[in-house]
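Asks: Handing you a structure now.
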Amino acid sequence: MSEIKHAGIKGYVLMGGMIAFLLFVLLCIYIYKANQAFVPEDPERYGFLLPQLTHWV
5 MSEIKHAGIK
15 GYVLMGGMIA
25 FLLFVLLCIY
35 IYKANQAFVP
45 EDPERYGFLL
55 PQLTHWV
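Per the working numbering, residue 5 is the first one in the sequence shown, and the count goes up by one each step.
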């Protein structure tokens, strides 16, 4: 009886670890994509802003 209970606990721990790993990977992908959401495709297009920003600093 004790062996079955330990096997069940081990299975739940393993399943929980796999779900936690999957959620962590999905979170990393979400943060990676969200981080690049506002990066312009053509940075030269906004190059006129750089001298203005360095002027204020």
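Note that beta-carbon positions come from the ideal geometry of N, C-alpha and C, so glycine has one too.
Leaving aside the five residues before and after A38 along the sequence, list all residues of the same chain whose C-beta is less than 8 Å from its C-beta, in chain order.
Replies: Residue mapping note: residue 38 aligns to position 34 of the sequence shown, counting from 1. Nothing listed; no residue qualifies.
Asks: In this structure, how does DSSP classify F42 when only helix, strand and coil are distinguished?
Replies: On the sequence shown, position 38 is the one that residue 42 refers to. Coil, per DSSP.
Asks: Suppose you measure from the CA of L27 to the CA of M19; what does that come to, to the nearest Å?
Replies: Residue mapping note: residue 27 aligns to position 23 of the sequence shown, counting from 1. Residue mapping note: residue 19 aligns to position 15 of the sequence shown, counting from 1. Distance between the alpha carbons of L27 and M19: 12 Å.
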